[in-house]
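Trainee:
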Amino acid sequence: MGDAGTDGWIRVPVGDGAERWATRGRSRRVLVVVHNVTSASRLLDVLPLFHDDLRVQLLLTCTGSSPFQAGVRELFTASGLPVLPWEQARETPVDLVLTASFGGQLDRFTGRLAVLSHGIGYTKRLATPDTGHRTPDTGRLSSPPPVFGASPEWLLKDGVPIADALVLSHPEQLDRLRAACPEAAGTAVLAGDPCFDRMLAARPYRERFRRALGVRRGQRLVVLNSTWNPDSLFGDSGDGDTLPLLLPRLTAELPADEYRLVAVLHPNIWHGHGPGQIRAWLDRARRGGLTLIDPLEGWRQALIAADAVIGDHGSVTYYAAALGTPVLLGAAPLSGLDEKAPLADFVRTAPRLVPHASPRAQLETLFAEHRPMAGPAEYTTSVPGESARLLRRLFYALMKTPEPPSPALLEPLPLPLYEPQVLSVPLRVFTWVRDRDTGEVAVRRHAEPPYEPVDGTGDAHSAVPEDTRDISRLDIADVVFRHGPADDPRLGPPARWAAEVLRRHPHCALAAYVTGPGTCVVRTRRGEGLVLTAAAGAGDADPAAYASALHALLAGGRTVTQVIGDGLIVRTGSQTHRVSVRLSAGPDQPVD
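Going by the working numbering, the first residue of the sequence shown is number 185, and it counts up by one from there.
1) To the nearest angstrom, how far is it from the Cα of Leu352 to the Cα of Ala372?
2) Output needed for Ala515: all residues of its chain with C-beta closer than 6 Å, excluding positions within five of it in sequence on either side, in chain order.
3) Using the three-state DSSP reduction, which class does Thr760 fall into: helix, strand or coil?
4) Expressed to the nearest angstrom, what Euclidean distance is found between the alpha-carbon atoms of Phe252 and Glu258?
5) For Leu417, name the three-state secondary structure that DSSP assigns.
6) Shortest alpha-carbon distance to Val627 belongs to which of Arg688, Leu752, Pro568 and Val744?
7) Who does Phe665 pair with in a DSSP beta bridge?
8) Give a yes or no on whether the minimum CB-CB distance between Arg212 and chain D is below 7 Å.
9) Do you know offhand how far Pro336's Cα is from Ala464's?
10) Using 10 angstroms around the beta-carbon of Lys823, count the other beta-carbons present and answer buried if the total reaches 16, otherwise exposed.
11) Compare the C-alpha of Ser542 against each of Val744, Asn413, Leu431 and Val648 and name the closest.
12) In the DSSP assignment, find the alpha helix (DSSP H) that holds Arg433 and state where it starts and stops.
13) Is the number of C-beta pairs between the segment 374 to 391 and the segment 562 to 576 that are closer than 8 Å three or more?
14) Rounding to the nearest angstrom, what Cα-Cα distance links Ala552 and Ala492 in this structure?
15) Helix, strand or coil: how does DSSP classify Val142 here?
16) Could you tell me the alpha carbon to alpha carbon distance between Leu694 and Tyr730, rounded to whole angstroms?
17) For Ala718 and Val754, what's the separation of their Cα atoms in angstroms?
18) Does the segment 402 to 417 come close enough to the segment 497 to 513 that 3 or more CB-CB pairs lie under 8 Å?
19) In the structure shown, what three-state DSSP assignment does Arg318 receive?
20) Would you list the residues sitting across from Ala631 in a DSSP beta bridge?
21) Please state whether DSSP places Asp750 in a helix, a strand or coil.
22) Report yes or no: do three or more beta-carbon pairs, one from the segment 577 to 595 and one from the segment 228 to 245, lie closer than 8 Å?
23) For Gln241, report the span of its beta strand (DSSP E) as first-last.
24) Between Ser646 and the rest of its own chain, which residues show a CB-CB distance below 8 Å, the 5 nearest in sequence each way excluded?
25) The beta strand (DSSP E) with Tyr389 in it runs from where to where?
26) Buried or exposed for Arg324, please, with buried defined as at least 16 other CB atoms from any protein chain shown within 10 angstroms of its CB.
27) Counting beta carbon pairs with one atom in the segment 428 to 443 and one in the segment 209 to 229, are three or more of them shorter than 8 Å?
28) Please give me, in chain order, every unbroken run of the alpha helix (DSSP H) with length at least 4 that falls completely inside the segment 193 to 245.
29) Alpha carbon to alpha carbon, how far is His219 from Trp454? Give it in angstroms, no decimals.
30) Quickly, what does DSSP pair Ser410 with across the bridge? List them, please.
31) Measure the C-alpha to C-alpha separation of Gln272 and Asp291 and round it to an integer number of angstroms.
32) Who are Thr283's beta bridge partners in DSSP?
33) What does a CB cutoff of less than 6 Å around Arg536 pick up in its chain, not counting 5 residues either side in sequence?
34) In chain order, which continuous runs of the beta strand (DSSP E) of length 3 or greater are located wholly inside the segment 675 to 740?
35) Are the segment 192 to 202 and the segment 432 to 439 in contact at 8 Å, needing three or more beta carbon pairs?
36) Would you give the residue range spanned by the beta strand (DSSP E) that Ile494 belongs to?
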């Protein structure tokens with residue numbers, strides 16, 4: 185972050201005496217003005233346009249004007265760029281100022297100012313900070329509040345545009361700007377959407393992103409998405425508090441082996457309430473298989489990987505629709521939107537989630553009836569794939585500096601860390617023995633269903649992970665399982681662990697230690713040790729589901745010898761998994 189002086193201002197590469205201490209002191213200065221983490225994410229998209237240019241020095245500052253300041257310091261530290269205190273930034277001569285918001289006194293900078301949108305254009309109404317919602321220029325009351333970023337209240341100071349360049353992604357936005365604030369229309373530059381361009385470029389890697397999220401073959405990935413404010417899906421206002429009703433039904437009703445559930449929450453939710461609080465609020469859902477996605481790095485990859493999005497009127501849900509992904513709106517307020525914006529039309533026409541109805545049935549209907557929406561695909565950008573070229577040309581023109589000779593390129597979306605589905609709640613498992621002679625069993629596992637599924641006509645048993653928080657459920661479990669490496673010294677060899685589990689829980693009929701993506705070691709109450717292994721290319725379900733299928737066969741009268749000879753055919757949803765069964769090394773005496 186640079187060496188700080190006694191007054192908190194930095195001295196290198198800018199500041200008092202910087203010409204003495206800076207190794208490269210003749211660089212063009214580009215100041216990146218961050219309002220909060222949300223706006224920073226769009227600015228991070230375009231910083232690679234300055235990479236490899238030894239003529240440019242990048243600088244960071246934060247306006248301090250946003251209520252959402254959490255996370256900014258950590259983001260600055262991770263960037264490794266010099267950070268100027270706000271007062272120093274306003275007094276430091278720079279060549280170009282980049283921002284993705286209108287917070288702070290942006291008219292005070294000496295450099296040319298370019299403003300990017302941090303969403304899908306300017307679509308939402310937001311009162312200016314002035315008390316009484318009075319416009320800075322006229323003193324008139326604004327009713328309804330002006331459109332943020334596309335009205336005189338935000339764009340003008342003393343009747344003059346604040347920005348030298350207002351970046352828009354589609355001519356539709358320019359039409360609305362001309363109608364709302366003709367004085368600023370001359371600053372508009374159509375330069376596409378770098379965020380969406382990064383997603384478009386990464387679409388060929390969809391299957392990799394799905395594997396990174398632990399999506400198995402045959403599973404549908406559902407992304408739960410919310411923007412911030414009380415009227416959002418995560419909010420507790422609007423048409424009602426939907427989330428407490430929806431979350432337990434999603435994790436309980438969607439079969440665990442057929443659906444994968446992740447949540448993408450707006451950074452203002454994440455940092456406003458605190459990551460720890462978010463994890464606490466969503467604790468039960470997380471133990472039921474929900475994964476929280478990093479709001480800065482991983483949400484775009486999750487959108488590309490998604491089979492469906494349950495969202496609201498925020499930009500992320502609109503991006504999903506632009507990608508052609510089926511969406512259900514769990515919250516759809518129109519009052520805060522510019523009624524002429526494409527986002528408002530999207531909210532009016534997109535399918536709605538019915539909170540009290542079955543989410544599984546609604547998702548199945550959504551998949552069956554889905555037709556990509558034309559509006560989002562058309563209006564997100566008019567120049568897909570061109571934003572890097574257009575934006576770099578704009579930035580260097582504002583600096584009056586020739587562009588580098590190399591192509592203008594954005595950073596590819598990184599491959600996320602592997603985040604598999606983790607179930608640490610008791611499971612209600614339904615099984616249907618389709619063919620006792622061939623060992624074919626259909627398995628459907630639910631995370632803590634508060635009710636029996638309507639079509640729950642099969643045999644049922646309880647499968648409980650050993651590391652569950654609800655330890656009392658272990659004493660009534662039919663199957664106890666866990667996941668871990670076979671050589672974990674804390675647990676001992678899998679066969680020994682299984683024997684210990686059966687001794688500790690007399691009601692348990694079968695213990696299963698999942699040692700890898702397609703393998704588990706099991707032990708029956710009679711003491712038989714077995715290894716279940718999925719055949720190559722025969723499906724990739726959680727091996728704990730194979731253990732439940734084995735339990736169903738043994739409970740139905742098949743012998744271990746018969747199962748070893750015939751193997752298992754396990755069906756989860758539309759997927760078929762052929763599983764070999766063999767004896768394992770280890771103690772084979774009955775458990776007391």
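A virtual CB, placed ideally from N, CA and C, is assigned to each residue, including glycine.
Remember, it's a predicted structure, so these values are computed and weren't measured experimentally.
Mentor: By the coordinates alone:
1) 7 Å
2) Ser416, Leu417, Gly422 and Asp496
3) strand
4) 13 Å
5) coil
6) Leu752
7) Pro649 and Ala696
8) In the structure shown, chain D does not exist; there is a single protein chain.
9) 42 Å
10) Nothing can be reported for residue 823, as the shown portion of the chain is limited to 185 through 776.
11) Leu431
12) Leu427 to Glu437
13) yes
14) 12 Å
15) Not covered by the structure: residue 142. The range shown for the chain is 185 to 776.
16) 12 Å
17) 10 Å
18) yes
19) Any reading at Arg318 needs caution, since the residue's pLDDT is 32, under 50, leaving its predicted position unreliable; the model's value is listed next. Correct three-state label for Arg318: strand.
20) Leu611
21) helix
22) yes
23) Val240 to Cys246
24) Pro610, Leu611, Arg612, Val613, Arg657, Ile660, Ala661, Asp662 and Val663
25) Note, Tyr389: premise wrong, no beta strand (DSSP E); not H, not E.
26) Below a pLDDT of 50, predicted positions are generally treated as unreliable, and Arg324, at 42, falls in that range; the measurement from the model is reported next regardless. That one is exposed.
27) no
28) 202 to 205 and 221 to 230
29) 16 Å
30) Leu449
31) 15 Å
32) Val217 and Val299
33) Leu513
34) 694 to 700, 703 to 708 and 713 to 718
35) no
36) Ala492 to Gly495
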